[in-house]
Each structure stands twice: as C-alpha cells, then as structure tokens.
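Beneath this line is the structure, given in structure tokens, with notes to follow.
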Amino acid sequence: MMFTSPGRAARRLLLSVAAVSLLAGCGSTQATSTQATPAQAPSTAAYPLSLPVPGQDQPLVLKSRPERIAVLSPDAATAVDELVGTGPVIAVPSSSQRPSTSVRVQDFAHVPHVIPDGVNPDPEQVLSWNPDLVVVTARHTGETDASAALTQAGVPVLTLTNNWQTPKDVADNITLIGRALDAEAKAAELVSRIDSGMAAVREQVASVTERPSVLIMPNMGGKVYVSATNVLTSALVDAAGGVNAAVEAGYTHTMPVSPEQVVAADPDMIMLIDVMGAGEKSFSAVMDNPAVRKLPAVRDGKVRLFSASKIYGIGGVELVDGLKDIAGWLHPTTTR
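First residue of the sequence shown: 4, per my numbering; consecutive thereafter.
What follows is the structure, given as structure tokens:
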C-alpha cells in the first residue's frame, strides 16, 4: 500500500518494526477488570492531554481534540456516538452498521470506512485512513497486537481492557472516552442515566423470591455458544433477577455449546441472542435436538430470542432498555 506523504511512509516503517515484535503473540487476551473509576477533571478542553488509562503502562497523549477517530470495536463506537456524534468518526466495525448488533445503524451509515468483522484489525489499513485517535476494546490477541502496532507507528490509541463486562466497566469506559474527547459533562450525564435506569429495574425485582436460571446462548460465526460470567449479558441477567445457568453448570468462559451440554445445564429459561441477525433458525443445530426439545424450559415456552443490539456489549443508554426487556421476561408480574 503506498502512502502519499513522508509522514505516512515513516508510520509504515514503524509499523513494520512493530509487526516483527508482535509475531510471537497468539491466543486470546484474558479480561482485565478495572477496579477504579478514572478520576473526573474539569472540562477545560486543555490539550495537549495526558490521560492515564487503566491496564496500560503509558498514558494516552493527545496533542489536540481528536477530529479523525477510528473506532475498532462496536461497544466503543456506541459510546463515541453518544458523546460526540459520528461527525469526527472515520471508521467503525461492520457490526455497527448491522441492525442485529446496533440500534444506531442510521447514525453509522455515512461513516466513510468500515472494518470487517473479526478479531484481527489490519493496522496498515487503519493507518491509511490517517486517524488522530484510535479506540479499541482489546479482547483478543489480534486487537492487542493492532493496538501496539498503531501506537508504535505514532497514532494515539485508547485501548480499553476491561471488555465492558459489567455496568461499572461500561461507566468507567464512557468516563474515560469522555475525557479523551473533551466530553466529560456529557459522559457524566450518560453514566447517570444508565445508573438511574438500572437502579430502577433492580428496585422492581428486589422483592422476588425465586431467581430463575438462564442459559445465555449467542450465535457467532455459524456456531451456537454459551456465555459464562465474562460478558455483559450475564451481569444484566443478574441485575434482572436471574442466575446464569452456565455458571451453575461450571462453565468459566464463553464457548461453543452442544445439545448435551444444554441438557446437562437444565436451565429454567433459555435466552437466545441473535448476534448475526439470522433468527431462530441459526440455533436449530442445538434447539432442534430431541433431548433439548424435551427440556421443561423448551416444553413450557420459556425460550426467547433477543437481538444483540441492546444487551450484548453495549456502550450506550440502550443498556437500560435491554435490562428492562430481560427483567420483564424473567419476572413479568413484578415489572409491569
């Protein structure tokens, strides 16, 4: 790929050096939980900005307010849209433009560049778009490597390492992105809306005496998975008055699931999450199994298909709507 300026050529040279140092990396990055919420500072639009980032050795340094933002992860894209809109956004993942995974399709429709689905963003492609800030959630080795390569190439990269696994992680990441984009007041307002909305649902279900076990099953890459505690949906099920059946069955991470494993888990309810927009038929390899069809949850109609757009790694206020949907399904008489 040819670059049209000496600066871009230098970036490419740095990128090549970075790529050599990263060839040894492989496998999945484990989730790193953020323990402390980043401290708020007055919104003074003071650039250059040196911003400490949880889980990172070096602070994020921004010479000026970002005007060309490449967002490599859909949760971060939602948060950026909430805080500053899509005006400065030059790239988003394709999932941000898919109705099954985003309720902001119209917002992102006119973003000029789209990053293909997958866990290995192409750093050289991102560099060719000349971003002045890249935002990425480092869930996998490919995303971590891209973050390191782009940083070494001289591009400011805000790498989020807590994977948006809990409502607190969502709040922390929104706050951090708000500071980077000089949108702290907006971030504080958004966090407050999410907190108050979730608190209202928790109050509604606080009196429930029975918490049903829920098996959370997303479809991804042509397979059906089971979600353990390392996803935001599990935290939402808990907040809605349920229990993650995968945890009770001893699963520690999200993994492909077989009909036999579903039968062994014997959940009270089954939550199908349509990440791919393929509908119920995409779960047929598991749900049409005769033994699965005999489960009380299936026999009694306690299976529901949810769109991933409100409950699967969301960085915006849609999270509250998703929680309400789950709570209404688990406890319809309590949450009327």
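Just so it is clear, CB atoms sit at the ideal spot from N, CA and C, and this is done for glycine as well.
As a quick exercise: from the options, pick the residue whose alpha carbon is nearest that of residue i.
i      : options                       : result
ALA281 : GLY224, ASN133, ASP84         : GLY224
VAL83  : LEU52, VAL56, LYS189          : LYS189
ASN176 : THR81, LYS226, SER310         : THR81
ASP198 : THR212, THR178, VAL217        : THR178
GLY88  : VAL173, GLN128, ALA186, ASP60 : ALA186
MET272 : PRO259, PRO299, ASN233        : PRO299
LYS66  : ALA183, GLY244, GLU206        : ALA183
TRP132 : PRO62, LEU153, ASP120, ALA311 : LEU153
PRO335 : ALA243, PRO134, VAL320        : ALA243
Would you report the Cα separation of residue i and residue j, rounded to the nearest angstrom?
i      : j      : result
GLY331 : THR337 : 8 Å
LEU54  : GLU146 : 21 Å
PHE111 : SER103 : 14 Å
VAL265 : ARG296 : 10 Å
TYR315 : THR236 : 6 Å
SER150 : ALA252 : 35 Å
LEU218 : VAL323 : 21 Å
PRO159 : SER105 : 26 Å
ALA174 : ILE180 : 10 Å
PHE309 : SER230 : 14 Å
SER312 : GLY319 : 11 Å
ASN123 : ILE317 : 20 Å
PRO57  : ARG302 : 46 Å
ARG68  : PRO170 : 27 Å
Does the Cβ of residue i have 16 or more other Cβ atoms within 10 Å, making it buried, or fewer, making it exposed?
i      : result
GLY325 : buried
GLN155 : buried
ASN166 : buried
LYS327 : buried
THR162 : buried
SER98  : buried
ARG107 : buried
PRO259 : exposed
GLN100 : buried
ALA94  : buried
LYS226 : exposed
PRO293 : exposed
VAL289 : buried
GLN43  : At GLN43, the pLDDT of 40 sits below 50, so the modelled position is not reliable; the number obtained from the coordinates is stated separately. Label assigned to GLN43: exposed.
ALA49  : exposed
SER345 : Residue numbering for the chain in the displayed model covers 4 to 339; residue 345 lies beyond these limits and cannot be assessed.
Taking 7 Å as the cut-off, is the C-beta of residue i nearer than that to any heavy atom in the ligand SAH?
i      : result
ALA268 : With respect to the ligand SAH, the structure offers nothing, as it holds no ligand at all.
Cβ of residue i within 8 Å of Cβ of residue j?
i      : j      : result
LEU333 : PRO215 : yes
ALA238 : GLN168 : yes
ASN233 : VAL278 : no
LEU275 : VAL306 : yes
ASP125 : PRO96  : no
>> If contact is defined by three or more beta carbon pairs under 8 Å, each pair taking one atom from either stretch, is the region 61 to 78 in contact with the region 132 to 144?
In response: Short answer: they touch.
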